[in-house]
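For the record, the sequence lines run as chains E and V. No gaps in the numbering here: position 90 of the first sequence is 90 in our numbering, and each next residue is one more. No gaps in the numbering here: position 321 of the second sequence is 648 in our numbering, and each next residue is one more. Following: one structure in structure tokens, then a few remarks.
2 protein chains.
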Amino acid sequence: MHILIIGAAGMVGRKLTDRLVASGIGGKAVETLTLVDVVPPTAPAGFKGSAHTLTADLSQPGQSEKLVGARPDIIFHLAAIVSGEAEADFDKGYRINLDGTRFLFEAIRQEGLRSPYKPRLVFTSSIAVFGAPFADKIEDTFLSAPLTSYGTQKAIGELLLSDYSRKGFFDGIGIRLPTICIRPGKPNKAASGFFSNILREPLAGAEAVLPVDESVRHWHASPRAAVGFLLHAATLDLEKVGPRRNLSLPGLSATVGEQIEALRRVAGEKAVKLIRREPDAIIQKIVAGWPSDFNPARAVALGFRAESSFDDIIRVHIEDELGGKIG
Amino acid sequence: MHILIIGAAGMVGRKLTDRLVASGIGGKAVETLTLVDVVPPTAPAGFKGSAHTLTADLSQPGQSEKLVGARPDIIFHLAAIVSGEAEADFDKGYRINLDGTRFLFEAIRQEGLRSPYKPRLVFTSSIAVFGAPFADKIEDTFLSAPLTSYGTQKAIGELLLSDYSRKGFFDGIGIRLPTICIRPGKPNKAASGFFSNILREPLAGAEAVLPVDESVRHWHASPRAAVGFLLHAATLDLEKVGPRRNLSLPGLSATVGEQIEALRRVAGEKAVKLIRREPDAIIQKIVAGWPSDFNPARAVALGFRAESSFDDIIRVHIEDELGGKIG
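Written out as structure tokens, the structure reads:
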């Protein structure tokens, strides 16, 4: 089995790599792992197969052709310019997120026209394909009406993926990841950063800033769940999915207040006291435009699973990032 | 007022041109009319302003820049490779319907970056952005999950139009036209052709073939209504539309049986006898995947209007195409 991960240097890409090295995929060993990103990906430690780490920018002509020419069995396309940057730099967002994705899809098609080739392609989409106003729960038949260029680019990637799959050029599946929580690493300035910061920092004994009301509701899944989604998408029988190849994935809908209650139960009052309230009207306004709850009936029926409580999301972080111990 | 029509040589483009010449737009006279298509458009008869007819293929680099450089106030983008051709020729469909549209949008943005320019852009989308399974009536919040490359390309055009409009690069509005009935001219081989053929041909004293059951339901509006939609979209206050710039338009949901009953009422049993039943399993199957009814609440609230009976649709054809007389 040859697996190509595009966007391998990111947080989810690194966790996916580790899991593939440790456990293979769908009961099979991974013989070849090609890791690609715009910054050099780290070679996987302890991997017994053949590993290739490459830097490449998919929006440059010819790059996708090279990657696809090696005929990987499964391609994970995780690479993207994030929401804030795509909004600030219109050209760059469209170049990387739209042209890069389309070049990849087209390179696969062209490779298959030379001699039969039909890899599995897993595309990480986003709940940013949805724009307010929403119903209380977003159903699987709700329209994609994004309110950001990033969401637009992901929605277009989804449409292309369905059409290329329908025409038989590859076996594509697009998965709309919930917001990943608890994101490991340093606090970042993304508008969504506080959802993780208010848990991760107190668990490590540090202060965190909460810029919104406790009533704010959002849609979450752990990094471990995200890797599980990717592996499930890569091995799922796509006959069962049918022509609508893009799925809103399961997650946990929780308010910030519920996040804090879970932190209290798992780590005590001492941790909760480290959350400092600093209301930020700009962040409040951005967050108000985001989806907060879904009814991801199709993905659930197809076997995708996320956490069912924030206590579990916190415990996953303690196990996977803190060696089982609270700081 | 300078108006640019891209796709001016098609049936709707020609009718739109005639109406603009006869009646102006939004109470204003048209001073300049630029008519563009891949085949030479006909110069408008009796037009007092300045008319330019050009052949151009928007998917060729530089073509859109030239058209947009003249800074038209209103741009009608009607040009497209039709559904059957886009399905048969994947590259051509994406080149014309996706790249051509994107080049146009981007040319407008670049023109505006040089010095402020923000035209009204009316984009004809299609009910082909929807793919089965449907609810009985397709609501305004129903997802775009096309089952053709043409529908995919139109859905992508819609997403780009909303994003470019949101960013303030132009004032865009996308309108999903119902199937146009009664289409004037010769019977054609499009799978949807029979909806018009079974009325137009008998009204002219000729035989027509009906390849599907009378129970088949579909979504219709007259060519006159289509021109009305375009003019309304070009002059509507877009503040009222908000960020979701693509609208399913009103139409008439009718079964083939109801079409035939209307023909009987308007033109008598003699006309109905000219319909020959020749069931065609392939056309039945294609048509079964098409939308048949909508609840276009937003477009109705915004003042778009279509016919409310098939008798009216037939009378429009008799008035506009047959000089008021049945052959």
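Even glycine gets a Cβ: it sits at the ideal position worked out from N, Cα and C. These numbers come from a predicted model, not from an experiment.
Under 8 Å by beta carbon: chain E residues contacting Asp498/V: Residues of chain E passing the Cβ test: none, with the nearest at roughly 17 Å.
Arg398/V, enclosing beta strand (DSSP E) - first and last residue: DSSP places Arg398/V in no beta strand (DSSP E); its state is neither H nor E.
Lys355/V - DSSP class collapsed to helix/strand/coil: DSSP places Lys355/V in strand when its eight states are reduced to three.
is_contact[Val454/V, chain E] using C-beta, thresh 8 Å: It is Ile, not Val, that sits at residue 454/V in the sequence shown. Taking Cβ atoms only, chain E never reaches closer than 8 Å to Ile454/V, which makes this a no.
Own chain partners of Ala594/V with C-beta closer than 7 Å, once the 5 adjacent residues on each side are dropped: Pro529, Leu530, Ile653
Secondary structure of Glu105/E, DSSP reduced to three states: According to the sequence provided, residue 105/E is Phe. The question's Glu does not apply to it. Of the three classes helix, strand and coil, the one that applies to Phe105/E here is helix, per DSSP.
Own chain residues within Cβ distance below 7 Å of Phe497/V, not counting five before or after: If we look at Phe497/V and ignore the five residues flanking it on each side, its Cβ neighbours are Ile435, Lys445, Pro446, Leu448, Tyr491.
Where the segment 248-265 of chain E meets chain V: residues whose CB sits under 9 Å from a CB there: Residues passing the 9 Å Cβ filter: none.
contact_flag[the segment 95-109 of chain E, the segment 135-143 of chain E] where n(CB pairs < 8 Å) is 3 or more: no
is_contact[Pro243/E, chain V] using C-beta, thresh 8 Å: Yes, Pro243/E counts as interfacial toward chain V.
Lys270/E classed as buried or exposed, judged by whether at least 16 other C-beta atoms fall within 10 angstroms: exposed
Bounding residues of the alpha helix (DSSP H) (the contiguous stretch that carries Ala297/E): 297-301
C-beta contact flag for Ile454/V and Pro623/V at 8 Å: no
Pairwise C-alpha distance: Asp384/V and Ile74/E: 38 Å
Members of the segment 477-495 of chain V that neighbour chain E once the beta carbon cut-off is set at 8 Å: Cβ contacts with chain E: Thr479, Ala482, Ile483, Leu486, Leu487, Ser489, Asp490, Arg493, Lys494.
Through-space distance from Thr141/E to Gly334/V, alpha-carbon basis: 33 Å
Cβ-based neighbour list, Arg71/E, same chain, cut-off 8 Å, excluding 5 preceding and 5 following: Cβ within range, chain order: His2, Glu111, Tyr117, Pro119.
Per DSSP, the bridge partner or partners of Ser50/E: Thr32/E
Every unbroken beta strand (DSSP E) within the segment 178-224 of chain E, with a cutoff of 3 residues, ordered by chain: 208-210, 217-221
Per-residue DSSP class, three states only, for Ser126/E: strand
Neighbouring residues, chain E, relative to Phe417/V (Cβ below 7 Å): Lys167
Chain E contact residues for Ser471/V, given Cβ-Cβ distances below 8 Å: Leu143, Ser144, Leu159
Beta strand (DSSP E) segment containing Arg305/E, residue limits: Element bounds for Arg305/E: n/a, residue is neither H nor E.
Chain E contacts made by the segment 332-355 of chain V, where a contact means CB separation under 8 Å: none
Cβ distance (whole Å) where Ser248/E is taken to contact Phe294/E below 8 Å: With 8 Å as the limit, Ser248/E and Phe294/E qualify as a contact, their Cβ atoms being about 5 Å apart.
Start and end residues, beta strand (DSSP E) containing Ser580/V: 579-582
Residue burial classification, Lys481/V (beta-carbon count within 10 angstroms, cutoff 16): Answer is buried; the Cβ neighbour count reaches 16.
Separation of Arg510/V from Ala301/E, as counted between CA atoms: 44 Å
C-beta neighbour in chain E for Gly427/V, strict 8 Å: no
Partners in chain E for Leu281/V, counting only beta-carbon separations shorter than 8 Å: Here chain V covers residues 328 to 654 and nothing more, so residue 281/V does not appear.
Neighbourhood of Gly353/V by C-beta, 8 Å cutoff - its chain only, sequence neighbours within 5 removed: Leu558, Ala561, Thr562
CB contact check: Gly131/E to chain V, cutoff 8 Å: yes
Residues sharing a beta bridge with Leu331/V, DSSP: Listed as beta-bridge partners of Leu331/V by DSSP are Thr361/V, Ile402/V.
N- and C-terminal bounds of the beta strand (DSSP E) containing Leu249/E: Taken as a continuous stretch (DSSP letters only), Leu249/E belongs to no beta strand (DSSP E), as it is neither H nor E.
Straight-line gap, Gly555/V to Val348/V (C-alpha atoms, nearest Å): 14 Å
Those residues which DSSP pairs with Leu121/E across a bridge: Ile75/E, Gly172/E.
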